[in-house]
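Colleague: Under our numbering, the first residue of the sequence shown is numbered 138, with each subsequent residue one higher.
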Amino acid sequence: MKKEYDFSKAKKNPYASQLKKQITIRLDEDSITYFKSISEEVGIPYQSLINLYLRDCAARSRKLNLTWK
């Protein structure tokens with residue numbers, strides 16, 4: 138590896154706006170355990186699995202059927 142690199146002609150990442158955004162979300166222990174167990178089976182980090190599941194729900198416009206008693 139070089140000791141120094143020249144970044145004077147570097148360009149900003151054009152896909153930077155499409156990168157993931159870090160947030161805080163509170164999930165119950167059972168949900169985390171569920172995704173962690175699937176994670177071990179398929180070899181994908183559990184946070185990525187949660188993201189894939191939520192992305193699929195959004196892509197299919199799934200909505201919860203909630204009724205309050």
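C-beta: ideal position from N, C-alpha, C; glycine also.
Between which two residues does the alpha helix (DSSP H) containing Gln184 stretch?
Modeller: Where Gln184 is concerned, the enclosing alpha helix (DSSP H) stretches over 183-196.
Colleague: Under a three-way DSSP split, which group does Phe172 fall into?
Modeller: Note: Phe172 maps to helix in three-state DSSP.
Colleague: Please classify Lys169 as buried or exposed, where buried requires at least 16 other C-beta atoms within 10 Å of its C-beta.
Modeller: Reading the sequence as shown, one finds Ile at residue 169 and not Lys. The residue in question, Ile169, is exposed, as its Cβ has fewer than 16 Cβ neighbours within 10 Å.
Colleague: Does the beta-carbon of Ile162 have 16 or more other beta-carbons within 10 angstroms, so that it is buried, or is it exposed?
Modeller: Exposed: under 16 other Cβ atoms inside 10 Å.
Colleague: What's the C-alpha gap between Lys158 and Lys206?
Modeller: The alpha-carbon atoms of Lys158 and Lys206 are separated by roughly 36 angstroms.
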